[in-house]
Ligand SMILES: [Zn+2]
């Protein structure tokens, strides 16, 4: 095994250990890091960065910013497209947002299954889930409007209702 390969394996192990909170380096990697200045620098730097990030309080995505993103994406696309394509595009977007929300919820559930997540990880996961749920809520509201419009209002617009003529 060459020294270069050892470094590559050690670095992979250092990165993998960071993915699991509280896991730490295994004995083989610790031994490599003790004797390799470059890998020690990487491990120390990443540990310092991880500790600094864990100390940052999660920020809630501000409602105004969420609304601005919505206006610039969903509403802008809505205004720019012809009416018929607009509807299917909106439904597809709503479905995409719901898929995104489901994926986000799954990611949070998976993340919380890791051994002993710290309060910072839990707070961040809760904050991310809150943002995902707010986006999903908007998508559901919009999807409901489109569904009601398609199922109720539009069909009646095509039914030729004329007043009966009575003798
Ligand atoms: Zn090394």
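Numbering (our numbering), first residue to last: 1205 to 1371. Where a beta carbon is used, it is the ideal one built from N, C-alpha and C, also for glycine. Just so we're clear, the structure is a prediction, and the values are computed from it rather than from any experiment.
Residue i versus the options, residue with shortest Cα-Cα distance
i, options, result
"residue 1279", "1297, 1304, 1252, 1266", "1297"
"residue 1220", "1246, 1242, 1238, 1241", "1246"
"residue 1273", "1218, 1251, 1338", "1338"
"residue 1271", "1284, 1353, 1328, 1342", "1342"
"residue 1251", "1211, 1225, 1269", "1225"
Reduced DSSP category for residue i - H, G, I as helix; E, B as strand; rest coil
i, result
"residue 1245", "helix"
"residue 1255", "helix"
"residue 1320", "coil"
"residue 1336", "helix"
"residue 1212", "helix"
"residue 1207", "Caution applies to residue 1207, whose pLDDT of 47 falls short of 50 and renders its modelled position unreliable; the value that the coordinates give is listed next. In the structure shown, residue 1207 sits in a helix (DSSP, three-state: H, G or I)."
Residue i versus residue j - alpha carbon distance
i, j, result
"residue 1227", "residue 1266", "33 Å"
"residue 1344", "residue 1302", "8 Å"
"residue 1331", "residue 1255", "19 Å"
"residue 1320", "residue 1237", "25 Å"
"residue 1358", "residue 1259", "53 Å"
"residue 1249", "residue 1222", "12 Å"
"residue 1281", "residue 1355", "22 Å"
"residue 1243", "residue 1211", "7 Å"
"residue 1277", "residue 1284", "11 Å"
"residue 1304", "residue 1340", "8 Å"
CB-CB length for residue i against residue j, believed under 8 Å
i, j, result
"residue 1334", "residue 1264", "7 Å"
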